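Okay, so here's the structure we're looking at.
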Amino acid sequence: MRRKAAPTISDVAALAGVSRAVASRALSASKRPVSDAKRDRVLAAAAELGYRVNLLAQSLTTQTVNLVAVLVNHIHDLSDLDLFDLLLAEIQAGGRQVILVRVGSTDKVEEFLRQGVAYHVDAALVFSDFADAATVRRMFRSDLVIMLNGRHDHRSPAIIPDEAVGIGQAVADAAAKGVKCASLVTGRASSLVEQARIGLFHRAFESHGIALLQTLQGDYSYRSGHALAASLLEGERPDAVFCTSDAMAMGILDVFRADFSGNRPSRFRLYGFDNLSLLDFEAYPISSIGYDKAAYVARMLRLLNEPPAGGGTFEPELVPTRYVPRLTG
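Every number in the numbering used here is 192 more than the matching position in the sequence shown, counting from 1.
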């Protein structure tokens, strides 16, 4: 028995009573206008016929595939969940889909290149510490590579949180409350963004006359903050503990719950970084430093939707941060 032929775009157009071009635009992410009434008729006809868009054929016509690669180290930090949920939702709302690529080491990048593992994508957003702009352009054979990890070059647009203001405000708050000495709990040493952040903390401590007693290295996770908490009791006790992620601060808070009766500090003040949405709940009212994630994502989308002209040179766009006081500070 012969299998019934799959419906075509022409079949959809005929059933909807529109031209083939209108049907194609109604079923794609095309920016060319289609009236709501015609779009509804086309969608209804496609559903009735069981028509599915052929993305490969569409890409050959438009020279786009409506795919965006997002390169990450991993997704297990709480700050990742806050940011990427919003980012993926906004990209998909614009008619694109996301390929999430986990790049946990420099070797992994080289493996992609050796094996020729590359996808045809319209653009790439690079969060991973281990990927530089030139390498990502080679991986995806695309010039629209937006760098968010500090490893940009003059050919790549970049967006970087301007952390100096938020860090300065947080350290000034501690100094105003009598803090004379502090400990700093940091994340991955390989991250250029983290290296810059640590430098900003050092300068702010010096500016406000706060002695840095110790620096402990975690990996941004709750587990690492929890594990490092005991080390804060070694030697001279700090008046304040600053963490370069909220998740690490949450781990420390849970170890020292007895010293935060009513979530208020008695032994030391506690400051995080990222301004997670979880901090607005009663369990973890941690003073933090953050930026407007919606504004951050909006800047990425603007670059995706209105790519800068090729051949130019790019200076990083800065997203301002601010200090958000809560009970632990």
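In this text, a Cβ means the ideal position worked out from N, Cα and C, and glycines have one as well.
Quantities reported herein were computed from a predicted structural model and do not represent experimental measurements.
1) Under 8 Å, with one C-beta from each stretch per pair, do the segment 479-490 and the segment 459-470 reach the 3-pair mark?
2) Could you spell out the range, first to last residue, of the beta strand (DSSP E) harbouring L408?
3) Short of 8 Å in beta carbon distance, which residues of its chain neighbour G427, apart from the five on each side in sequence? Order them along the chain.
4) Given that a residue counts as buried once 16 or more other Cβ atoms are within 10 Å of its Cβ, and exposed if not, what is S227?
5) Which residue or residues does DSSP assign as beta-bridge partners of T378?
6) Using a threshold of 9 Å, state whether the C-beta atoms of L471 and A315 are closer than that.
7) Along the beta strand (DSSP E) that carries E509, what are the first and last residues, could you check?
8) Going along the chain, which residues of its own chain have a beta-carbon closer than 6 Å to the beta-carbon of G358, five neighbours each way excluded?
9) Helix, strand or coil, according to DSSP, for R244 in the structure here?
10) If you draw a straight line from the alpha carbon of V210 to that of D438, how long is it in whole angstroms?
11) Just to confirm the assignment, what range does the beta strand (DSSP E) spanning R461 have?
12) Indicate the three-state DSSP secondary structure (helix, strand or coil) for I481 in the structure shown.
13) For R294, which of E355, V262, Y243 has the nearest alpha-carbon?
14) Between the Cα of D335 and the Cα atoms of R343, G342, A326, which residue gives the shortest distance?
15) Less than 6 Å between C-beta atoms, sequence neighbours within five positions excluded: which residues of the same chain meet that for I444?
16) Considering only residues of the same chain and omitting the five flanking positions on each side of L207, which have a CB-CB separation below 6 Å?
17) For I352, report the span of its beta strand (DSSP E) as first-last.
With the structure as the only source:
1) yes
2) 403-409
3) L405, Q406
4) exposed
5) Q409
6) no
7) 509-516
8) I481, T513, R514, Y515
9) coil
10) 54 Å
11) 461-463
12) strand
13) V262
14) A326
15) G417, A421
16) A237
17) 351-354
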